[in-house]
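Taken in sequence, the protein lines are chains A and B. Using this note's numbering, you'd call the opening residue of the first sequence number 1 and step up by one each time. Using this note's numbering, you'd call the opening residue of the second sequence number 647 and step up by one each time. Just so you know, even glycine gets a beta-carbon here, dropped at the ideal spot from N, CA and C. Predicted model, so just to flag it, every value in this text is computed and none were measured. Report on the following structure.
There are 2 protein chains.
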Amino acid sequence: MGQEDQRRVAIPPPQPFVKSLKNTLKETFFPDDPLRQFKNQPPRRKFILGLQYLFPIIEWGPKYNLNLFKSDLIAGITIASLAIPQGISYAKLANLPPILGLYSSFVPPLIYAIMGSSKDLAVGTVAVGSLLTASMLSDVVNVNENPKLYLHLAFTATFFTGLFEAALGIFRLGFIVEFLSHATIVGFMGGAATVVSLQQLKGILGLDHFTSATDVVSVMRSVFSQRHKWRWESAVLGIGFLFYLLLSRYFSKKKPKLFWISAMAPLTSVVLGTLLVYLTHAEKHGIQVIGDLKKGINPLSITDLEFGSAYLTTAIKTGIVTGLIALAEGIAVGRSFAMYKNYNIDGNKEMIAFGMMNIAGSCTSCYLTSGPFSRSAVNVNAGCKTAVSNIVMAIAVMITLLFLTPLFHYTPLVVLSSIIVGAMLGLIDYEAAIHLWHIDKFDFLVCMSAYVGVVFTNIEIGLIMAVGLSLLRLLLFIARPRTLVLGNIPGSKIYRNVDQYPNTNNVSGVLVLEIDGPIYFANSSYLRERISRWIDDEEDRLKSSGETSLQYVILDMSAIGNIDTSGISMLEEVKKILDRRELKLGLVNPVAEVMKKMNNSKFIEKIGQEWIFLTVEDAVEACNFMLHTYKPKSATDESEMHSNNV
Amino acid sequence: MGQEDQRRVAIPPPQPFVKSLKNTLKETFFPDDPLRQFKNQPPRRKFILGLQYLFPIIEWGPKYNLNLFKSDLIAGITIASLAIPQGISYAKLANLPPILGLYSSFVPPLIYAIMGSSKDLAVGTVAVGSLLTASMLSDVVNVNENPKLYLHLAFTATFFTGLFEAALGIFRLGFIVEFLSHATIVGFMGGAATVVSLQQLKGILGLDHFTSATDVVSVMRSVFSQRHKWRWESAVLGIGFLFYLLLSRYFSKKKPKLFWISAMAPLTSVVLGTLLVYLTHAEKHGIQVIGDLKKGINPLSITDLEFGSAYLTTAIKTGIVTGLIALAEGIAVGRSFAMYKNYNIDGNKEMIAFGMMNIAGSCTSCYLTSGPFSRSAVNVNAGCKTAVSNIVMAIAVMITLLFLTPLFHYTPLVVLSSIIVGAMLGLIDYEAAIHLWHIDKFDFLVCMSAYVGVVFTNIEIGLIMAVGLSLLRLLLFIARPRTLVLGNIPGSKIYRNVDQYPNTNNVSGVLVLEIDGPIYFANSSYLRERISRWIDDEEDRLKSSGETSLQYVILDMSAIGNIDTSGISMLEEVKKILDRRELKLGLVNPVAEVMKKMNNSKFIEKIGQEWIFLTVEDAVEACNFMLHTYKPKSATDESEMHSNNV
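Below, the structure written as structure tokens:
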């Protein structure tokens, strides 16, 4: 037995509580070890590193050169040509004055260029965020009756978006965003894109009145109840431009070098549409136009923030919900391009940048901004190298604001609708949904429930359903961990699940079980029942096949990552059940945390440390040794003999 | 390489979706396999088994005999002597007429005796449930202004309690109760007992007016602001009886044979107190008494259920919350005595019994009943054998209702307060809290937050805090799984965590990592970062010690119970990161589920099936083989050579 002693599971030495707490907190909040580079540096260097951490432009700015600028200039102008029509369209979607879309493409990109760490993100307003703002604020304020209050609430909500995002980053709570799974986002985005597209039927059919609900049933009812008001001129124009936009995207996809055709298409549509209306005076024949846009850059709006308003809670709620969605999109977009181009993005740092850009935006007549996927993809395709492309875009938008706004007077609304629908159809990622179905049915279910929830009820309920289902899955994983029977792989001393490796052999008289998850209060009753059932099944099987009766139950604890007091009680109960059935219990390879708690609760004393083994092999050998040496009548006698011997 | 092929991880054959879904549903809702005994039985037998399943009395009734009855008779009379004063006290606690406490000890125990499967549970009203009913209903109806509506709402809430409990049982959702962990219940019960005791200051000090809030600050303020109204006669009587009750409990604990002293103490207190008031006419000197109690058994109350009331939602909410708490207590009590006496209890079946007893109760002037711990413990101590002790108690209570109620006219309220405080002090289980602290600090935190929440805010908030924290812990386990570095245990081919087994050796050029939990969306970003950090750390370590540079990263996947699409993406990203760093990735022992998903997503093709090993030993050997055979300049060259060779 001497040799075996080396192969025991030792009880880990007690660790000071404070140390283990510190460790846990570090893993929870600083998994990326952001202070690593500060280690062993002189104070001056630490200060500079700290500044660079907050303002990455200090780091890459000095290395900037003309070659990089050439690329960024082209990319910047390209995204500006997309930003201007999209900005105006999305502002309409948010029930806000169109000019706000342009304002929002001026200040926030500048802030992001200074503070952001992505080289590829193009900052601007986002369709889903715009619609969400509209739907949440319209619940409390009618935009037609009180446009000023509505506008101020939008600024206030944006302020809270910024505050919330920055706070998440500063307190390193960025991982909250990770609870929005990829499946949730695919379904949610697809649903939101569908809903946004349906809303555009108003513009495309030239309707004056429209439902404020977003679900497909209400929208369709609203559309078809007004059949006599449909305007064919508007519809023809809208469908024509939509066709043009989709065609240009199709060609760009075929030949990636022609990406600029698709990137410029919205601006060309606006120019063509505007010219058409101007020349034919279609605005007098039922084609609605944007009308006057104020010249000049962003006016300050810091005094418009309504902290004393009765609707403050709505503004806060809107800010948080839209902020979360905007973050999820922005961070995901930044990360995927960073992964593609092989550099790192610090999620928490990005959140601070997003937060500051929205706080600054809310004070300068901007509303919710993030890093929309479509614009960023165009940015990358156009060859952007650094965040300078955002600065170029901002300057182009500024020039537009200062000099070119009158040109948009005759721009028909229907073109804006076509641009939105064109952008949205690209967001319905049915291929991703099919991919989910192939890999993981539950993820597909989450995705579909988000989609159906958004399309048939409303955006918030869809999101809550999907997040709820995702969390339920995590809880269900813990509530119902898998228990597996292990068998011996022939010709080896390896024990593996008998279902996965069908050629394994049972060990006579020994049942080897593995539990595939932590033991917590939520599953301790289940596991107790399930273990009993495995033993029943095994005894039935042995009885019917006439083999040796069951004597030992070995529990492989390798995969039990943690245990709580309910789990310890469960083990004690299992021990009692086995005692009553005259079976002996052996444990295999408990991890340090589990070993510590079993020791603190004196459970190790109860089963005897000699019944804790390092490997299943050791445990089975020990059982075989006892079975064949003593050939006892009952397991209890034998164990007594054994313990007397030791 | 031929020999190694036997030791590969096979890709599991595809399973029909419906079959795996059926399996999952079975494990989730029928883990105890309740239909096992119905298998292979003739239809007639199946019908009888089904009846026995619903009404266990059919099973044990025929075997009942006189010996058993003798024991049950004594136990039944003992618990009746406790049930009568406790019933009256708890009804006062719920702001209900005292007679309801007696009604509630008559009908529900009879129902439970027929349908329940515990032999030890004594049915009756519960203190915490009573207080909770009072606090939730008083939010909407003032009991002094509208006692009839309040009473009807209490019946309605009880009806919904029953409906909710029965539904949980029928739909096999009993596991919801398991989300109330032991730590939560200890803290919650302790807090509730403290709050209930504090409420008794009203009775003990003989105050007329009292705050309706339950938190310690409000209660203390209310008590001390009325210092001039304190009545010393009442206080002396109350403290005297409390002292007597605690003393009798102390003796019973010392000598378990004298349990009946403690069990009878409440009734003796009532008799003594009543006599004292009757003889001294203390009711005219500021001692409040119960007053008239109606003679006769339970009147029907089915017409009093207020389904059309404006307060229906409050009744439903109260019913569900109190039902959950009552179930948690009742099931836990039933289970622990069953465990102690070595028989099984089916949680879902118990819930149906609890539900039916509350539904029946709500139609016969009873309010919320469950299986209180104190009364059940007395039942067991008094030697009960079957649920017949509940029938005996019900008959004793019936006789009281029919003939003895006038005797309670002069019973002083202060005695009831003392009885409640005496019972409550036994529920503050500080030893359990200390036990939690020793075993699991987080469980202690959950327990304390439940206690503090209940005592300082209110009962519902305390409960929500504790449940929220418990769930947070589960989510945190998934969000931050442990990653471990494995090393070789000298003289063996076993690989274990280097922190837990400090004498392990590193393998030069190979980093072996283990992930201690499932890979889901909630942790995929974390794990990616964490794995990068482990590699950074290892490279730093190797650089500073001048050892061979890192070439291989081996991921032990044994403890990864499941993976979703985000997890698969994470693995793909890790593979990319490693490629970029010119490191090779090997996987060890993925479980069937993980293997299946890696195969569906073509990840296995990407890393090559020859890089998936059955054991860490195999993986390390393969790496060593390649390291020493080719001695390549870079890992990429080597892998190309290797794959050409194969």
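- Query: Given a limit of 8 Å on CB to CB distance, which residues of the region 1162 to 1175 of chain B reach chain A?
  - Reply: Asp-1162, Gly-1163, Pro-1164, Tyr-1166, Phe-1167, Ala-1168, Asn-1169, Ser-1170, Ser-1171, Tyr-1172, Glu-1175
- Task: Could you work out which residues of chain A lie near Pro-658/B, taking near to mean beta carbons separated by less than 7 Å?
- Result: Your numbering for residue 658/B matches position 12 in the second sequence. Those within 7 Å of Pro-658/B in chain A are Gln-500.
- Message: Measuring only the C-alpha atoms, how far is Arg-654/B from Gln-1255/B?
- Response: Taking the first residue of the second sequence as 1, we reach residue 654/B at position 8. Taking the first residue of the second sequence as 1, we reach residue 1255/B at position 609. One C-alpha to the other measures close to 9 Å.
- Message: Contact defined as beta carbons within less than 8 Å: I believe Ala-450/A pairs with Leu-436/A. What is the distance between those atoms, to the nearest angstrom?
- Response: Against the first sequence, residue 450/A aligns to sequence position 450. Against the first sequence, residue 436/A aligns to sequence position 436. Incorrect: roughly 11 Å between the Cβ atoms, too far for contact.
- On the three-state DSSP scale, how would you describe Lys-584/A? Counted from its first residue, the first sequence places residue 584/A at position 584. Strand, per DSSP.
- Note down, in chain order, all residues in the region 1071 to 1105 of chain B with a beta-carbon under 8 Å from any beta-carbon belonging to chain E. Note that chain E does not occur in the displayed structure, where the protein chains are A and B.
- Item | Minimum C-alpha distance to Ala-192/A - residue among Ile-399/A, Met-448/A, Thr-629/A | If you number the first sequence from 1, residue 192/A lands on position 192. Nearest option by C-alpha distance: Met-448/A.
- Is the region 840 to 853 of chain B close to the region 1048 to 1066 of chain B, with three or more CB pairs under 8 Å? yes
- Item | Nearest-angstrom Cα separation, counted from Val-553/A out to Glu-572/A | Locating residue 572/A in the first sequence gives position 572, counting from the first residue. Locating residue 553/A in the first sequence gives position 553, counting from the first residue. Looking at the two C-alpha atoms, the distance is approximately 14 Å.
- Query: So what does DSSP say about Pro-372/A, is it helix, strand or coil?
  - Reply: Working through the first sequence from its first residue, we reach residue 372/A at position 372. DSSP places Pro-372/A in coil when its eight states are reduced to three.
- Using three-state DSSP, classify Ile-302/A as helix, strand or coil. Here residue 302/A corresponds to residue number 302 of the first sequence, with the count starting at 1. Here Ile-302/A sits in helix by DSSP.
- Message: Could you tell me the alpha carbon to alpha carbon distance between Phe-622/B and Leu-1071/B, rounded to whole angstroms?
- Response: Given a span of 647 to 1292 for chain B in the structure shown, any question on residue 622/B remains unanswerable.
- Roughly how far, in whole angstroms, is the beta-carbon of Pro-755/B from the beta-carbon of Met-1039/B, given that I think they are within contact range, below 8 Å? For this step, residue 755/B is matched to residue 109 along the second sequence. For this step, residue 1039/B is matched to residue 393 along the second sequence. Confirmed, Cβ separation roughly 6 Å.
- Task: Pick out whichever of Asn-381/A, His-281/A, Phe-160/A has its Cα sitting closest to the Cα of Pro-256/A.
- Result: Along the first sequence, one-based indexing puts residue 256/A at 256. Out of Asn-381/A, His-281/A, Phe-160/A, Asn-381/A has the C-alpha closest to the C-alpha of Pro-256/A.
- Task: Return the CA-CA distance between Phe-179/A and Arg-1226/B, expressed in angstroms with no decimal places.
- Result: In the first sequence, the residue the question calls residue 179/A occupies position 179. In the second sequence, the residue the question calls residue 1226/B occupies position 580. Cα to Cα, Phe-179/A sits roughly 28 Å from Arg-1226/B.
- Query: How about Val-1092/B and Ala-1112/B: are their beta carbons less than 8 Å apart?
  - Reply: As a working mapping, residue 1092/B is identified with position 446 in the second sequence. As a working mapping, residue 1112/B is identified with position 466 in the second sequence. For Val-1092/B and Ala-1112/B, yes; Cβs fall inside 8 Å.
- Message: Taking beta-carbon pairs under 7 Å, can you tell me which members of the region 543 to 564 of chain A lie near chain B?
- Response: Ser-558, Ala-559, Gly-561, Asn-562, Asp-564
- Close beta carbons around Cys-363/A, own chain, < 7 Å, minus the five adjacent residues each side: Position 363 of the first sequence, counted from the first residue, corresponds to residue 363/A. Closer than 7 Å at Cβ, skipping near neighbours: Leu-300, Ser-301, Ile-302.
- Message: I'd like the span of the beta strand (DSSP E) that includes Asp-556/A, first residue to last.
- Response: Translated into the one-based positions of the first sequence, residue 556/A becomes position 556. Run containing Asp-556/A: 552 to 556, per the beta strand (DSSP E) assignment.
- Item | Nearest-angstrom beta carbon gap, Val-510/A and Val-620/A [assumed within contact, 8 Å] | Within the first sequence, the letter at position 620 stands for residue 620/A. Within the first sequence, the letter at position 510 stands for residue 510/A. Contact flag correct, Cβ pair sits at about 6 Å.
- Item | Under 8 Å from the C-beta of Met-985/B: neighbouring residues of chain A | Start at 1 with the first residue of the second sequence, and residue 985/B comes out as number 339. Neighbours of Met-985/B on chain A, chain order: Glu-573, Lys-576.
- Query: For a contact meaning CB atoms closer than 8 Å, what does Ala-829/B contact in chain A?
  - Reply: Taking the first residue of the second sequence as position 1, residue 829/B is located at position 183. Neighbours of Ala-829/B on chain A, chain order: Phe-521, Asp-564, Thr-565, Ser-566.
- Task: Starting from the N-terminal side, write out each stretch of the beta strand (DSSP E) that is 3 residues or longer and does not extend beyond the region 93 to 127 of chain A.
- Result: none
- Task: Go through its chain and collect everything with a Cβ distance to Asn-1245/B's Cβ below 7 Å, but skip five positions before and after it.
- Result: Along the second sequence, read from residue 1 onward, the residue named residue 1245/B stands at position 599. So the qualifying residues of the chain are Ile-657.
- Taking a Cβ distance cut-off of 7 Å, strictly less, list which residues of the region 848 to 875 of chain B are near chain A, in chain order. none
- Query: Phe-1249/B to Glu-27/A, Cα distance in whole Å?
  - Reply: Along the second sequence, one-based indexing puts residue 1249/B at 603. Along the first sequence, one-based indexing puts residue 27/A at 27. Rounded to whole angstroms, Phe-1249/B to Glu-27/A spans 28 Å at the Cα level.
- Query: In the DSSP assignment, what are the bridge partners of Met-1156/B?
  - Reply: Counting from 1 along the second sequence, the entry for residue 1156/B is found at position 510. Just to set this straight, residue 1156/B is Val in the shown sequence, not Met. According to DSSP, Val-1156/B bridges with Val-1153/B, Tyr-1198/B.
- Anything in the region 120 to 141 of chain A with a Cβ closer than 9 Å to a Cβ of chain B? List those residues in chain order, please. none
- Query: Which residues in the same chain have their Cβ closer than 7 Å to the Cβ of Val-979/B, if we skip the five residues on either side of it in sequence?
  - Reply: For the purposes of this step, residue 979/B is taken as residue 333 along the second sequence, with counting starting at 1. Contacts found: Leu-767, Gly-1017, Phe-1019, Ser-1022.
- Quick one, are the C-beta atoms of Arg-1174/B and Val-1220/B less than 8 Å apart? In the second sequence, counting from the first residue as 1, residue 1174/B sits at position 528. In the second sequence, counting from the first residue as 1, residue 1220/B sits at position 574. Yes, the pair counts as a contact, with Cβ atoms nearer than the cut-off.
- Message: Can you list, in chain order, the residues of its chain with a C-beta nearer than 7 Å to that of Ile-568/A? Leave out the 5 residues immediately preceding and following it.
- Response: Position 568 of the first sequence, counting from 1, holds the residue named residue 568/A. Excluding residues within five positions, the ones whose Cβ falls inside 7 Å are Lys-597, Met-598, Ser-601, Phe-603.
- Message: Between which residues of its own chain and Leu-237/A is the CB-CB distance below 6 Å, once the five residues before and five after are set aside?
- Response: The residue given as residue 237/A occupies position 237 in the first sequence. So the qualifying residues of the chain are Val-414.
- Message: Using a 10 Å radius around the Cβ and a threshold of 16 neighbouring Cβ atoms, would you call Val-18/A buried or exposed?
- Response: What you label residue 18/A is simply residue 18 of the first sequence in a count that begins at 1. Flag for Val-18/A reads exposed.
- Query: Is Asn-358/A helix, strand or coil when you go by DSSP?
  - Reply: Looking up residue 358/A in the first sequence gives position 358. Asn-358/A falls in the helix class under three-state DSSP.
- Residues within the region 804 to 826 of chain B neighbouring chain A, beta-carbon criterion of under 7 Å: Phe-821, Glu-824, Phe-825
- Item | Per DSSP, the bridge partner or partners of Gly-1133/B | Indexing the second sequence from 1 puts residue 1133/B at position 487. Bridge partners of Gly-1133/B: Arg-1142/B.
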